[in-house]
Amino acid sequence: MTDFDDHLGPGREDPLYRRGASALQKGDWDEAIQAFEQLKGLYPDSVAVTRALETARLRASLDSGRRIRGKRTTVRFGAILLRIVLVGLIGFLVYTGGRLIVERVQPLIQSAQAAQQLDQLLADGEALLKGLDWDTAEERFNAALAIEPENEQALAGLERIAQERQIVALYEQAVALDAAGEDDAAMETYAELDALRPGYRDIGARMTEIERVRSVEEQFAAAGAAYRAGDKRAAVAAYEALRTENVAYERALVESRLFELYMALGYDIVQQTPPELETLPDALTYFSKALALQPRSQDAGLERQLLKLYLEGQSAYYADNWNEAAAALRVVYDTRSNYLGGTVLRLLYESYVRSGDAYRDAGDNYLAYEQYLKASELPVADKAFVEGRLFYVRPFLTPTATPPPTATPRPQVAGPAPTPRPLASYTNKIVFMADSPSRGQIWLMNPDGTGRQRLGRTADLLTQFEELRDSERYSPDRDRFAFSQPPTPNDPWQQVFVSIPEQLRTGGGFATQVTQFQADCTDPVWSPDGNWLAFVSGELDSDDVWIIQVDRSFPQNLTPNIWEWDRHPSWSPDSGKLAFWSNRSGLLQIYTMNTDGTQVTNISNTAWDEYSPIWVKQETR
């Protein structure tokens, strides 16, 4: 231990100090003075060294006599004889008096010096004890007891050192037991230590951690017991509490059992006969939680999608939005016709009938007949109701259908079809494919998702759509063309290339490779400013939207996901945003985002699939 109290200063740890102290105890004043003078030169500001040097000098001065030499004078023999007598007498007196002084005074001096040394030893011991240098402190207190065997301060100091050593020994024992997993023994030792020294070091935190681990273990045991007993809800509650307490504890097993339990609880609800419709949102929650644990699970994804569509169709039905209800329910029925014990069949049938009634009331008997016919094709037990309606509207059918009714419009439902015009003329609009009211319809909307219009599905529209998609592969000046090269013997992955269109058509010239990924790169589209290419790649295990500069620099993944598909990017006219479609919601939906991947926004929000967006850049004249 080399740390001393600041008021004593350094030097006491120096071997010279121990040499001087030893010489001082032996009465070798010259040796002591020499050692302490050297230390004084090394530690001029040390109070301890200064005191030791002064003590050595004092003792040397007291121990050394001075001889007084007189002057020689010429005297007579008698005077000499008298002087001899006087000197003898004086010498006798001096001898007897000096011995008395020595016998009386020297013990007092020695006692004072011993007291001073004792005080110094006690002060040093206290300072060292405070600095946790117990070994050196113990030496000082024992030295003090050598001077005064019953000194209370020294005895108390030694007792405190023994207590501190006991505390440390208990702490080290408790920590060792804790590390070995002997929680009970560790807690007992921590409690004993806390009784001796409340709040010592980190024992409070260690005891809390043991209690927390005990709680986690108890929760795990309780969850396992409920799981084995078949009490699904109790097991879920226990496992969820366990994950809240310590998400890493037996993580793989806990998440596996939670997935199993979530799916089982969801199935319990949707397979119940008859189904309790008010509990269906709970089932959706269970399937969603299961999918969150295992995003690649096809079963969880399918069950969540079917139930979500059913609930959306149910909500639309009770909001009198019959077409929207039928579109969502039809997907569920086509996937699983007996879903919810046939409830989806009955609700789909009613949606078609009520949609037909709305068209009939609006005077559109053709569309009414179409909806009634869809209802009649469903395998319901009693078709007399809808057949009566078919019989009623059949005489009113005309070769040309009238515009659809607008009695129950919704913001997300298409309005009347616009006057036919080229798709390329809808500057800064997004045209896309949708599966409502039937598969492969071409729709139109604003970049924020408003102003939705169904354009239809004709051969001419489909041709325009493909031409518009193909035009996005050209540079703004149409001097270069981006394409995806199929795999070759030298590269097993599709890569994005850029070439001159004429050279591409003739098969000559040179194509520049833009991507060098370890996965397929497809769907390249050129930014309107001519600087970037957007494309799709599975470089990070899922199909993501990437951008890269045409000079092959700064490749960026804008939609990093685990399992979702993000496809068919399309640039905004100002090159500041991208539109794309994704299955991240369980359906195919259209999204927009900034070119740094921020502000991803679902602009579809429908109960059916919508995909292949094209952000129209400029009007074709």
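For the sequence shown, my numbering puts the final residue at 625, and the numbers step up evenly by one. We put the CB at the ideal spot given by N, CA and C, even for glycine.
Assuming residue i and residue j make a contact with CB atoms under 8 angstroms, what is their CB distance in whole Å?
i      : j      : result
Ala626 : Gly31  : The structure shown has nothing for residue 626, since the chain only spans 5 to 625.
Ala331 : Ala611 : 6 angstroms
Val53  : Leu43  : 5 angstroms
Ile618 : Ile434 : 7 angstroms
Asp524 : Gln498 : 4 angstroms
Ala60  : Leu28  : 6 angstroms
Val220 : Glu249 : 5 angstroms
Leu246 : Ala233 : Not quite, the Cβ-Cβ distance comes to about 17 angstroms (not below 8 angstroms), so this is no contact.
Val384 : Leu349 : 7 angstroms
Tyr175 : Arg205 : 6 angstroms
Gly500 : Ala515 : In the sequence as presented, Gly is not what sits at residue 500; that position holds Val. Actually they are not in contact, since the Cβ atoms of Val500 and Ala515 sit about 10 angstroms apart, beyond 8 angstroms.
Put residue i into one of helix, strand or coil per three-state DSSP.
i      : result
Phe521 : coil
Asn565 : coil
Asp365 : helix
Asn184 : Looking at the sequence itself, residue 184 is Ala, so the reference to Asn does not match. Note: Ala184 maps to coil in three-state DSSP.
Pro532 : coil
Ala323 : coil
Arg458 : strand
Trp33  : helix
Asn606 : strand
Tyr478 : strand
Val554 : coil
Thr526 : strand
Ile446 : strand
Ile504 : coil
Thr516 : strand
Val435 : strand
Leu313 : helix
Ser541 : strand
Thr277 : coil
Thr412 : Reliability of the predicted coordinates at Thr412 is poor, the pLDDT of 40 falling under 50, and the value obtained from them is presented with this limitation in mind. Thr412 falls in the coil class under three-state DSSP.
Val417 : With a pLDDT of only 40 at Val417, under 50, the local geometry of the prediction cannot be trusted, and the value read off the model is given with reservation. Reduced to three states, the DSSP call for Val417 is coil.
Gln498 : coil
Arg70  : Caution applies to Arg70, whose pLDDT of 38 falls short of 50 and renders its modelled position unreliable; the model cannot decide the point.
Gln114 : helix
Gly15  : coil
Val79  : Unreliable placement is indicated for Val79, whose pLDDT of 39 sits below 50; the coordinate value is still reported in the next sentence. Correct three-state label for Val79: coil.
Gln622 : coil
If the criterion is Cβ atoms closer than 9 angstroms, does the pair residue i and residue j meet it?
i      : j      : result
Leu265 : Ala239 : yes
Gln309 : Gly590 : yes
Lys312 : Ala268 : no
Gly453 : Ser608 : yes
Arg461 : Ile446 : yes
Leu126 : Ala150 : no
Leu333 : Gly345 : no
Lys387 : Pro532 : no
Trp670 : Glu186 : A query on residue 670 cannot be resolved here, the shown segment of the chain reaching from 5 to 625 and no further.
Ser479 : Trp530 : yes
Gln560 : Gly601 : yes
Gly360 : Val335 : no
Glu307 : Ala320 : no
Please report the residue range of the beta strand (DSSP E) in which residue i lies.
i      : result
Trp575 : 570-575
Asn598 : 593-598
Tyr615 : 614-619
Phe485 : 485-489
Ala583 : 581-586
Would you call residue i buried or exposed, if buried means 16 or more other Cβ atoms sit within 10 Å of its Cβ?
i      : result
Gly45  : exposed
Val397 : buried
Thr140 : buried
Ile566 : exposed
Arg358 : buried
Gln522 : exposed
Phe40  : buried
Tyr290 : buried
Val251 : exposed
Ile113 : exposed
Arg393 : buried
Lys378 : buried
Gly69  : Its pLDDT being 46, under 50, Gly69 is placed unreliably by the model, and the measurement read from it follows with that caveat. It counts as exposed.
Glu543 : buried
Ile594 : buried
Along the chain, where does the alpha helix (DSSP H) that runs through residue i open and close?
i      : result
Arg22  : 19-30
Leu262 : 255-274
Thr59  : 51-67
Val390 : 388-397
Ser292 : 284-297
Beta-carbon of residue i versus every beta-carbon of chain C: anything under 9 angstroms?
i      : result
Leu126 : Of the protein chains in this structure there is only one, and it is not chain C.
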